[in-house]
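Numbered by the numbering used here, the letters in the sequence shown go through residues 5 to 262 in order.
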Amino acid sequence: MRLRDEMPPPFEGPREPPASNPWVKGAAIVSASVCLVGFLVFWASDKFGNSKPVEPQGKPVVPEQVQPPPPPPPDLHNPVRPAPSAFPPDSNLPRGKEIYASGPIDLTTFNPTNDIIRFDDSRVWFDSDNRHRPNDADDHLIHRSLEVPLKRLVNLLAKKRGTLKIQDAYRAADKNKIHLAVSLHCEGRAVDLTCDQISLSDLAKLAWQSGFDFVLYEKPVKSGLHLHCSVKRSPDEPLPPRPPQNGSVAAEKGAEKN
Ligand SMILES: [Zn+2]
Numbered sequence: 005m006r007l008r009d010e011m012p013p014p015f016e017g018p019r020e021p022p023a024s025n026p027w028v029k030g031a032a033i034v035s036a037s038v039c040l041v042g043f044l045v046f047w048a049s050d051k052f053g054n055s056k057p058v059e060p061q062g063k064p065v066v067p068e069q070v071q072p073p074p075p076p077p078p079d080l081h082n083p084v085r086p087a088p089s090a091f092p093p094d095s096n097l098p099r100g101k102e103i104y105a106s107g108p109i110d111l112t113t114f115n116p117t118n119d120i121i122r123f124d125d126s127r128v129w130f131d132s133d134n135r136h137r138p139n140d141a142d143d144h145l146i147h148r149s150l151e152v153p154l155k156r157l158v159n160l161l162a163k164k165r166g167t168l169k170i171q172d173a174y175r176a177a178d179k180n181k182i183h184l185a186v187s188l189h190c191e192g193r194a195v196d197l198t199c200d201q202i203s204l205s206d207l208a209k210l211a212w213q214s215g216f217d218f219v220l221y222e223k224p225v226k227s228g229l230h231l232h233c234s235v236k237r238s239p240d241e242p243l244p245p246r247p248p249q250n251g252s253v254a255a256e257k258g259a260e261k262n
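Now the structure itself:
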């Protein structure tokens with residue numbers, strides 16, 4: 005029983021709370037510091053990093069489309085087709101009726117404000133500038149689709165020292181008294197041409213080479229010989245289907261009076 009008396013009494017005083025332990029305090033400070041540093045690193049990377057821009061909701065991201073380059077300007081000084089071997093009076097190219105080459109007139113979609121332009125060239129002789137007759141139409145007015153082949157013809161003719169004469173151009177339907185009601189003159193898509201320096205046959209070849217969709221060496225009963233040249237409303241304008249050709253000479257001479 006002596007042994008019990010020699011043992012130290014069990015400790016029963018107040019224990020310090022764990023937090024007051026220096027080791028625990030140190031661990032808590034280290035943990036807080038690590039969390040703070042982690043938060044700062046995350047905040048900095050979010051603010052200054054290479055984050056992608058956020059698109060506003062509801063607006064899908066549309067990739068920027070690359071516009072194709074504009075088409076090159078047309079060559080106005082060289083033929084677009086080889087010359088035909090012959091172009092006699094009362095014949096036309098291509099064969100068949102004009103409607104299958106230049107398309108029908110359509111006054112319901114024709115808009116003079118947008119479609120008619122003024123053509124000026126000091127090398128060209130205009131009938132309306134030289135013969136002042138009452139109620140004459142202005143022969144400078146043409147459909148915009150006629151401009152390129154007409155300019156090309158003026159340039160090709162100049163190489164032959166010829167002067168193009170525009171005898172007739174746009175005729176408004178309500179003032180048209182000399183052409184058929186379905187004539188492409190009423191849309192400005194046709195011009196009547198002559199030239200004093202070369203034959204009309206050679207002028208017709210040159211007109212065909214200039215890119216008109218339809219060239220007629222017209223031999224009217226009441227008026228003088230001239231060319232009637234016309235174009236489609238636009239290059240991609242659909243055309244009526246051509247009837248099967250029988251290959252006869254009559255098909256080539258299917259000239260209409262225009
Ligand atoms: Zn005509």
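We treat Cβ as the ideally placed atom computed from N, Cα and C, and that holds for glycine.
Leaving aside the five residues that flank D125 on each side, the residues in its chain whose CB is nearer than 7 Å to its CB run, in chain order, V158.
A Cβ-Cβ contact shorter than 8 Å links A211 with L197. Its Cα nearest to that of P108, the residue A194 stands out among P153, A194, P75. Boundaries of the beta strand (DSSP E) around Q171: 168 to 172. Annotated as distal: D119 and H144, with beta-carbon spacing of 8 Å or more. Between ligand 1 and H147, a heavy atom-to-CB distance of less than 7 Å is absent. Here I170 is not near F114, since their CB atoms are 8 Å or more apart. Ranking P93, H183, S149 by CA distance to the CA of D240 puts S149 first. Sequence-distant partners of F216 (beyond 5 residues in either direction) whose C-beta falls short of 7 Å from its own C-beta, in its chain, are P153, C233, S234, V235. According to DSSP, I103 shares a beta bridge with no other residue.
H230 is classed as buried because its beta carbon has at least 16 other beta carbons within 10 Å across all chains shown. Inter-residue distance for P75 and K226 is about 44 Å (C-alpha atoms, whole angstroms). Counting C-beta atoms within 10 angstroms of its own C-beta, D172 has 16 or more neighbours from the protein chains shown and is therefore classed as buried. When DSSP states are grouped into helix, strand and coil, D131 belongs to the helix group. Relative to ligand 1, A194 has its C-beta within less than 7 Å of a heavy atom.
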